[in-house]
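Visitor:
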Amino acid sequence: MKRFAIAFSLVVFLLMGCYAMYYSSTLDRTYSGTKLSEVLKNEQNYDMNKPDGVANIIVRENLKRTKSVNAVTAVVFDYRGYDTLGESFILLTAIAGSVVILKSHKKGSDHDEGQE
Amino acid sequence: MMKGKNRQVKDVIVKTAADFFTPIALVLGFYIILHGHLSPGGGFQGGVLVASAVVLIYLGYGYNEVSKKFNMEIIKKNEALGAILFTVFGLAGIIYGSVFFANVFTNIGDVGDLISAGTIMFMNNSVGYKVLTGVGFLILLMIGLLAPDNDN
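Those protein sequence lines, which keep their order, are chains A and B. Our numbering applies: residue 1 is where the first sequence begins, and numbers increase by one. Our numbering applies: residue 117 is where the second sequence begins, and numbers increase by one.
The following block contains the structure:
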């Protein structure tokens, strides 16, 4: 019964994930309600003649939306939050796996020594 | 093979280097974590810098001192706490009426302050805490394999 519940819940999560992926692929690309295509259309508002024209766009939009001075941290933790979530949970998974493997490794070596 | 006197001299040199570099690594790492939203760097980089203090203490003082100073169970629980905090700050975007991992509370502080930039700062600090405990735990685990198994 417990195994059936686990399998059922995993299948439900998988179906929900597939539906969410399909639904999000039909949406427009937005951030805070503004379409990205409109941001790109208004590029005459920006001073493109200066040497750092593209950097002007990035820094100004980023300061207006996130108020974080470091644009890279804003990208990592705000625009690409899911990526950071996966990245930091990789570390958690790696530590869990190494704990499991190394603990059984130590136990196995002790057992072998005891037999000899 | 090394002679006795040479080994003593090398021990003194490595111990002095560890004493000198451990506070620098700790201060620089915590600075990079706390200023992640203002200057280059962030949670991951600063966390790894802080965790390098474990390696320095191991090089200077050996495995017995390290296993006395650090409690691995508490470090493991603290890493899970960091992961939970990161997810909770990500969920705050949903609770305050936007999408997952959106930046809310942007009105705290001025632009460029240490406490500013909304949940980006909180998420940055919690990821830094998670990485410094996680990488420190991994290093402790690998040092434990190198240890002489005379205590059993």
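Beta carbons are placed, not taken as given, at the ideal position from N, Cα and C, and that holds for glycine. Because the structure is a prediction, the values reported are computed rather than measured.
Using a Cβ-Cβ cutoff of less than 6 Å, which residues in the same chain neighbour N219/B once the five nearest sequence positions on both sides are dropped?
Guide: Result list for N219/B: G234, T235 and I236, in chain order.
Visitor: Would you call the region 129-141 of chain B and the region 207-218 of chain B in contact, with 3 or more CB pairs under 8 Å?
Guide: The answer is no - the region 207-218 of chain B does not touch the region 129-141 of chain B, with fewer than three Cβ pairs under 8 Å.
Visitor: Taking all protein chains shown into account, do 16 or more other C-beta atoms lie within 10 angstroms of the C-beta of K246/B, making it buried, or fewer, making it exposed?
Guide: The residue is buried, with at least 16 neighbouring Cβ atoms inside 10 Å.
Visitor: Let me see if you follow: with CB-CB separation under 8 Å, is L63/A close to chain B or not?
Guide: Chain B, which has a Cβ nearer than 8 Å to the Cβ of L63/A, makes this yes.
Visitor: Quick check on N63/B: does DSSP put it in helix, strand or coil?
Guide: A query on residue 63/B cannot be resolved here, the shown segment of chain B reaching from 117 to 268 and no further.
Visitor: Pull up the CB-CB distance for D59/A and A71/A, whole angstroms please, since I reckon it's below 8 Å.
Guide: Here residue 59/A is Val; the residue named in the question, Asp, does not match the sequence. Confirmed, about 6 Å.
Visitor: Check D83/A in the structure and name its three-state DSSP category.
Guide: Looking at D83/A - three-state DSSP - the assignment turns out to be helix.
Visitor: How many whole angstroms separate the CB atoms of H151/B and S68/A, which I take to be in contact at a CB cut-off of 8 Å?
Guide: Contact doesn't hold; Cβ gap of about 11 Å is too wide.
Visitor: Take G252/B as the anchor and find which of G209/B, V143/B, L172/B and F202/B has the nearest alpha-carbon.
Guide: It is L172/B whose Cα lies nearest to the Cα of G252/B.
Visitor: Buried or exposed for S232/B, going by 16 or more other Cβ atoms inside 10 Å?
Guide: That one is buried.
Visitor: Given this structure, state the Cα-to-Cα distance separating F202/B from E87/A, to the nearest angstrom.
Guide: Roughly 12 Å separates the two Cα atoms.
Visitor: Rounded to the nearest angstrom, what separates F205/B and K103/A at their Cα positions?
Guide: Rounded to the nearest angstrom, the two C-alpha atoms are 33 Å apart.
Visitor: Rounded to the nearest angstrom, how far is the Cβ of G303/B from that of I95/A, given a contact under 8 Å?
Guide: Because residue 303/B is not part of the residues shown, which for chain B are 117 to 268, the question remains open.
Visitor: Applying the 10 Å Cβ sphere with the 16-neighbour rule, what's the burial state of D83/A?
Guide: That one is exposed.
Visitor: With 8 Å as the threshold, decide whether the Cβ of G269/B is near any Cβ in chain A.
Guide: No information on residue 269/B is available, as it lies outside the stretch 117 to 268 that chain B covers here.
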